[in-house]
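What follows is a short report on a single structure.
Protein chains: 2
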Amino acid sequence: MKKTQLYKIGELAKLAGVSVDTIRFYEEKGLIAPHSRSASGYRWFSEQELEKLRFIQRTKAVGFTLNEIAELMALKLHPDAHTCEEVKNVTLDKIDQVSAKIAELDKIRHSLQQLAVACDGGAHSSQHCTILQLLNSDTPL
Amino acid sequence: MKKTQLYKIGELAKLAGVSVDTIRFYEEKGLIAPHSRSASGYRWFSEQELEKLRFIQRTKAVGFTLNEIAELMALKLHPDAHTCEEVKNVTLDKIDQVSAKIAELDKIRHSLQQLAVACDGGAHSSQHCTILQLLNSDTPL
DNA sequence: CTTGACTCTGGAGTTTACTCTAGGGTTTAA
DNA sequence: TTAAACCCTAGAGTAAACTCCAGAGTCAAG
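Chains G and V, in that order, are what the protein sequence lines are. Counting along the first sequence from 1, when you hit position 73 you're at 73 in my numbering, and nothing is skipped either side. Counting along the second sequence from 1, when you hit position 61 you're at 202 in my numbering, and nothing is skipped either side.
Spelled out as structure tokens, the structure:
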């Protein structure tokens, strides 16, 4: 048997670093659901919902919408062979999206690093330069 | 002399893949500004504004808000030594933000790839697995 | 057994980032 | 020279993702 720790909405909110309103909003949108309800109607959440909330926060931070996040969370491999090809195609699409985001961030990071280095007061410190120029040129400095 | 191609708002919108309303909205927010205005009040935009629009689109796609993008675009290295340390600190903060986003996307991509491989109907195809389990475990399959 | 912290529902309000409309002037091609 | 296709401003409307509120029930401590 595995121990099933349950949290009230306020506890879960604190652990996940979101507001109780946000949790109820996500429930309404179908992103998470309470494990159960108490006799008086209080929501009980499991560890799994905490993981989902953390996943949502981190995934939101890299530019996915709640709808896209719902799609990501819906990607499940299970014994139903019928949907396997389907799941795979969606997954491959998502990989492309994620790869494109990473490539973009790498470019931005590279430009920022060039800017930081130039800021060191080195040989180029009297140049004029912006992140846009760094992004759009191979030899900006 | 460098040739300065100028665009009307509609031309710029088409080239950047945004609406004319979006361009005017960005101008209002201070993200871009027309190079000049015609006698009749028409905006004229330069190549530089086109680059800015493209930068905004790509940066928005990786989870930055318009305010954050404005900050990024404001990072300029120029001959005023007084602000150099300042610029560098902001730049280093941004690099950290960007690096964190990349790390997060790498984790998501890795999980998606495991899911795609498992979808191939290989040895693990009768397992039940979700992206959350893949993210939260080292040996999910 | 009451008081304060918590929870519930339903609905209104806010912020961000557009998007659209109205009512007008401008450009350009036929 | 006129009509389609563009541009202008000001302001209203929309979608996503919260955030806040009112009015009421629940729970745990003293």
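Every residue, glycine too, gets a C-beta built ideally from N, C-alpha and C. It should be emphasised that the depicted structure is a prediction, and the values quoted were computed from it without experimental measurement.
- Taking 8 Å as the threshold, the shortest C-beta distance from V:S240 to chain G falls below it.
- In its chain, beyond the 5 residues on either side, L75 have a beta carbon closer than 7 Å to the beta carbon of G:T91.
- Beta-bridge annotation (DSSP): V:Y148 is paired with V:F186.
- Within chain V, V203, G204, K242, E245 and L246 have C-beta atoms less than 7 Å from the C-beta of G:V62, given in sequence order.
- Between the alpha carbons of G:L15 and G:R43 lies a gap of roughly 15 Å.
- Ranking G:E104, G:R109 and G:I69 by CA distance to the CA of G:R58 puts G:I69 first.
- V:L213 sits away from V:E190, with the two beta carbons spaced by 8 Å or more.
- Assigned with DSSP and collapsed to three states, V:K248 falls in helix.
- Interface residue (Cβ-Cβ distance to chain G less than 8 Å): V:R165 is not classified as such.
- Comparing alpha-carbon positions, the option among G:R54, G:R24 and G:A116 lying closest to V:I236 turns out to be G:A116.
- With distances taken between CA atoms, G:V62 lies nearest to V:A241 out of V:H176, V:A241 and V:K149.
- Chain-ordered, the chain V residues with CB closer than 9 Å to the CB of G:L112 read L213, L216, T232, L233, K235, I236 and V239.
- Chain V places no beta carbon closer than 8 Å to that of G:A16, leaving this residue out of the contacts.
- At a C-beta separation below 7 Å, V:R199 has these neighbours in chain G: E104.
- V:K170 has a beta carbon lying at 8 Å or more from every beta carbon in chain G.
- In this structure V:L172 touches V:L207 by the C-beta definition: roughly 6 Å separates them, less than 8 Å.
- Proximity of chain G to V:T145 at the Cβ level (cut-off 9 Å) is not reached, the minimal Cβ distance being about 16 Å.
- Contact between V:S187 and V:L147 holds, since their C-beta atoms are separated by about 6 Å, short of 8 Å.
- The beta carbon of V:A174 sits closer than 8 Å to those of E168 and E190, all from its chain and outside the five residues before and after it, given in chain order.
- Distances from the alpha-carbon of G:H35 to those of G:K60, G:V18, G:V20 and G:T4 put G:T4 closest.
- Linking V:I150 to V:I164 through their CA atoms gives a straight-line distance of about 8 Å.
- Closer than 9 Å at the C-beta level to chain G, one finds these residues of the segment 173-191 of chain V: Q189.
- Per DSSP, the beta-bridge partners of G:T130 are V:K217.
- At a cut-off of 8 Å between C-beta atoms, G:L115 counts as an interface residue with respect to chain V.
- Counting the other Cβ atoms within 10 Å of the Cβ of G:S38 gives fewer than 16, which makes it exposed.
- In this structure, DSSP gives G:S99 a helical state, which the three-state scheme calls helix.
- Residue contact with chain G for V:V161: absent (no Cβ-Cβ distance below 8 Å to any residue of chain G).
- With respect to the C-alpha of G:L53, the residue from G:S19, G:Q113 and G:E85 having the closest C-alpha is G:S19.
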